[in-house]
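Asker: Sharing a structure, written as structure tokens. Questions coming.
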Amino acid sequence: MRERILVVEDEKDVREMIRLNLKAAGFDVVEAGNGAEALALAKNDPPKVIILDLMMPEMSGIEVCRALRRNPSTSRIPILMLTAKSTEEDKVVGFEVGADDYVTKPFSPRELVLRVRAVARRQPDQGAAKASPLKAGTIQLDRGSMIATIGAKKLSLTSTEFRLLELLLRRAGSIQSRDSLLSEVWGYQANLDTRTVDTHIRRLRDKMGKAGALVETVRGSGYRLNN
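In the working numbering, the protein residues as written are 332 to 558.
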């Protein structure tokens, strides 16, 4: 069964280019030209991945992303933000409202397809649903339901943040390099230039509260979760 991608972009020619490349890569594609249309489509029939343009009239990509994350039926759908803005601050804003990744215009269609495939793989499989919860101190992850808790507090994590914490928990005490995190959590080749890992680690720590101090930065090496 072909995976379905929702493309949310107000520029028709850009939408068409994305649609053609995704269909050539084996995906089904649904298109929305504005935020309201996108929210309706995503709620009625949730797609595997949403490609969301940041700069749209009336309802911006940031507003759409927030609305998607608030709705239980769409809160776990991976979101790939698409924008002409490339500053670190712009990326952080996207990640803060729940985007899983960020692609800057102009972009290579091949890279876009690569990233869509990567975020599409971040959904729990049947094996994960049957796996025992992961625990480290007060942190617990239920991989079937993708629910993370610290003590009695339920964390509001995106699918990428969940996978990142899952990997750190499974390898608690061991240093994980930025390249290995890119490869295993995002599915990227390690030579791709992105600060995505660092931004997600920062957001994950914030959401973990005091327990975020357990995620240690090992200078020149990567990150480690101390048990």
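Yeah, the Cβ is synthetic: ideal placement off N, Cα and C, and Gly gets one too.
Starting from the C-beta of residue 405, find all residues in its chain whose C-beta is less than 7 Å away, skip the five residues before and the five after it, and write them out in chain order.
Answerer: Closer than 7 Å at Cβ, skipping near neighbours: 373, 374, 377 and 399.
Asker: Can you list, in chain order, the residues of its chain with a C-beta nearer than 6 Å to that of residue 343? Leave out the 5 residues immediately preceding and following it.
Answerer: Contacts found: none.
Asker: Just confirm the distance between the C-beta atoms of residue 479 and residue 379, as a whole number of angstroms; I'd bet it's less than 8 Å.
Answerer: Actually they are not in contact, since the Cβ atoms of residue 479 and residue 379 sit about 22 Å apart, beyond 8 Å.
Asker: Evaluate residue 549 with the Cβ neighbour count: other Cβ atoms within 10 Å of its Cβ, from every protein chain shown; 16 or more gives buried, anything less gives exposed.
Answerer: Label assigned to residue 549: exposed.
Asker: Using only alpha-carbon positions, find the residue among 464, 527 and 490 that is nearest to residue 481.
Answerer: Minimum Cα distance to residue 481 is reached at 464.
Asker: Is it buried or exposed for residue 497, if we count other Cβ within 10 angstroms and need 16 for buried?
Answerer: Label assigned to residue 497: buried.
Asker: In whole angstroms, what is the alpha-carbon distance linking residue 539 and residue 332?
Answerer: The alpha-carbon atoms of residue 539 and residue 332 are separated by roughly 37 Å.
Asker: Taking C-alpha atoms, which residue in 526, 469 and 389 lies nearest to residue 513?
Answerer: Ranking the options by Cα distance to residue 513, first place goes to 526.
Asker: Kindly indicate the opening and closing residues of the alpha helix (DSSP H) around residue 542.
Answerer: Per DSSP, residue 542 belongs to no alpha helix (DSSP H) and is neither H nor E.
Asker: Out of curiosity, what's the CA-to-CA distance linking residue 460 and residue 409?
Answerer: Low confidence applies here, because residue 460 scores a pLDDT of 49, under 50, leaving its location unreliable; read the following figure in that light. Answer to the nearest angstrom: the Cα atoms are 18 Å apart.
Asker: Check this for me: beta carbons of residue 413 and residue 370, under 8 Å apart or not?
Answerer: The answer is no: Cβ separation not under 8 Å.
Asker: Are the CB atoms of residue 336 and residue 358 within a distance shorter than 8 Å?
Answerer: Yes, the pair counts as a contact, with Cβ atoms nearer than the cut-off.
Asker: Compute the distance between the beta-carbons of residue 353 and residue 434, then report whether it is under 8 Å.
Answerer: Not closer than 8 Å, so no.
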